[in-house]
């Protein structure tokens, strides 16, 4: 049992590293399956380019949208947006959060494109169907080279030196894939360093903050379950007995709305979540909606990712 | 059962060795995977680009990953734009570069492992060298070989040159041999360099050998205790908040450190002979951080102990 706990602790400590590793493995596995089972290059001049591009780019788009759906921050941003009671929909804060969400969602599609380029099959098919590529690759070769190029991915080209172009295409694809990985990873490092640099919160406090949010999420879930169970029991009992329910102290709509809004950081108050801010407000009826000095800090994006049922953001 | 516990304890004590061996195994495994699955020399004029990209891009990725996974780099960078004094303290401006250098050196281990394994294999170097267009290198490689060597060297990896198969094989083997020699030289020089730097660092150490061992143990224990205490306090604080939210009550005061205390505790540690503090937290607690309670939350008032008496 202790060994299991040790493994779990390791998982909690390096959560994001393990998460990213898992995403990469899944994408690599998915790409292998796609190119081995599903992908069959049509080997025709008209269809190679669109076929190859669709297989390369459509799963990337699907992953991009999936990342949006799986992030709890999206739902916190969108829930209740259209109702007329919440007038703060078009504010700059929401736009900033939207940009951060989009930036985080581009990681999985880029991983897919990089792995697909390293595999080589999609690029080979697409490039062999492109007239511009045919011109460049066929310089100084057979006259039929441009006509036979689309047949190259199916190993059906008659001239052997045209068939050899397949190796060139695969090499180009893999070099492009590696360059993409190298560029993406250095941009990620620079981005993360700048975000951490601009953080008004120190290193240890950030660590404590993440742990606090996990605990708050767990306890919120158990307390909400407890509260809901009691309330449900009371209601059902009174329904069947035809009696009146006793006064139950449950938070009102405004209170829930206040703690569900996007987290803003104020240097004057040290609050670790909207719940913390709400509970510590100065007067009983005071709203915590917006005060002087509230800002959205990129490094504190993980605060919005917590909820009752959501998985912690990658 | 006892023997099992003993073996487990032995392995847990050798964490660094196990960590590095695991990293080495992983590098060897992925290098095998690469050369069998993904790497196919194109045997054209693009050989050099292809070979070099396959050699150096994974090394680059491993270097950046090393930076990401190193806790010290985040400790160094967090909040540095907001308060530059934190990383360039008065009189110690070079500390930032010194720490950055240390982080870079420890991140260089994985790329060097990858490069040595890839060079020992030989396929990547062979592909890259056979695509060279520099006349000096071509002369070196093609010395004493038929003149087709100069034009068709890039086809050597696929065996499709117009030369005799024995000549082809000879060229391939000589390129692989060069690669392996380079690989061994890299391993030797890297190990020698790391030995030199460790000796130099130990030489310049201000503390003795036993105190250094104690220091390492203390740092490890403090890290564990810190995480446990974080968990504890986080639990209590969130329980208090949620209770007040659901029951619609005013919260009781809860002591937590302020910004200033957190900032002071997050600084990079430097050892002073006169004071003998084993970590930043030790120094902060010993020196005593007097904080004025201005918020609703009661702040922790840390009063110096033996230092002030």
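Chains as they are written, first to last, in this note's numbering: chain A, 49 to 362; chain B, -11 to 297.
Quick reminder that beta carbons are idealized off the backbone N, C-alpha and C, glycines included.
Query, Result
"Residue 343 of chain A - partner residues in DSSP beta bridges", "A:313"
"Assigned secondary structure, residue 275 of chain A (DSSP; H/G/I helix, E/B strand, else coil)", "helix"
"Contact set between residue 223 of chain B and chain A, taken where Cβ atoms lie within less than 7 Å", "263"
"Cα-Cα separation, residue 91 of chain A to residue 233 of chain A", "34 Å"
"7 Å Cβ cut-off: residues of chain A touching residue -8 of chain B", "Going along chain A, no residue has its Cβ under 7 Å from residue -8 of chain B, so there is no contact; the nearest lies around 12 Å."
"For residue 104 of chain A and residue 154 of chain A, the rounded distance between their alpha carbons", "15 Å"
"Interface partners of residue 63 of chain B on chain A, CB under 8 Å", "251"
"DSSP state of residue 157 of chain A mapped onto helix, strand, coil", "helix"
"Classification of residue 211 of chain B by the beta-carbon crowding that lies within 10 angstroms, buried from 16 upward", "exposed"
"Test: residue 4 of chain B CB closer than 7 Å to a CB of chain A", "no"
"Inter-stretch contact at 8 Å, needing at least 3 Cβ pairs: the stretch 261 to 280 of chain A / the stretch 81 to 88 of chain B", "no"
"Nearest neighbour of residue 252 of chain B, chosen from B:206, B:268, B:165, B:64 [CA to CA]", "B:268"
"Start-to-end residues for the alpha helix (DSSP H) that takes in residue 83 of chain B", "83 to 95"
"Proximity test, Cβ basis, 7 Å: residue 215 of chain A and chain B", "yes"
"Selection of the stretch 174 to 203 of chain B by Cβ proximity to chain A, strictly under 8 Å", "none"
"As assigned by DSSP and simplified to three states, the class of residue 93 of chain A", "coil"
"Any 3 or more C-beta pairs closer than 8 Å across the stretch 287 to 304 of chain A and the stretch 245 to 263 of chain B", "no"
"Chain-ordered neighbours of residue 30 of chain B on chain A, where CB pairs are closer than 8 Å", "215, 216, 218, 219"
"CB contact flag (residue 102 of chain B, residue 37 of chain B, <7 Å)", "no"
"Of the residues A:160, A:315, A:176, A:120, the one placed nearest residue 217 of chain A, counting alpha carbons only", "A:176"
"Boundaries (first-last residue) of the alpha helix (DSSP H) holding residue 260 of chain B", "Unbroken run through residue 260 of chain B: none, as it is neither H nor E."
"Interface flag, residue 193 of chain A vs chain D, CB-CB below 7 Å", "The question asks about chain D, but that chain is absent: this structure's protein chains are A and B."
"Length of the line joining the Cα atoms of residue 285 of chain B and residue 121 of chain A", "Residue placement at residue 285 of chain B is flagged as unreliable, the pLDDT there being 40, under the threshold of 50; a coordinate-derived value is accordingly withheld."
"Proximity to residue 113 of chain B [Cα-Cα], best of B:193, B:28, B:223, B:265", "B:28"
"Test: residue 254 of chain B CB closer than 7 Å to a CB of chain A", "yes"
"Residues near residue 55 of chain B by beta carbon distance below 6 Å, same chain, minus five either side", "61, 95"
"Of the listed residues A:160, A:101, A:82, A:68, nearest to residue 112 of chain A (C-alpha basis)", "A:160"
"CB contact below 7 Å: residue 271 of chain A versus chain B", "yes"
"Residue 158 of chain A versus A:225, A:310, A:102, A:67, residue with shortest Cα-Cα distance", "A:225"
"Euclidean distance between Cα positions of residue 234 of chain B and residue 325 of chain A", "14 Å"
"Counted within 10 angstroms of its Cβ, other Cβ atoms place residue 208 of chain A as buried (16 or more) or exposed", "exposed"
"Between the CA atoms of residue 63 of chain B and residue 255 of chain B - distance to the nearest angstrom", "8 Å"
"Where residue -1 of chain B falls, given that 16 or more other Cβ within 10 Å makes a residue buried", "exposed"
"Continuous alpha helix (DSSP H) stretch holding residue 11 of chain B: start and end", "3 to 21"
"Whole-angstrom distance between residue 215 of chain A and residue 171 of chain B, CA atom to CA atom", "27 Å"
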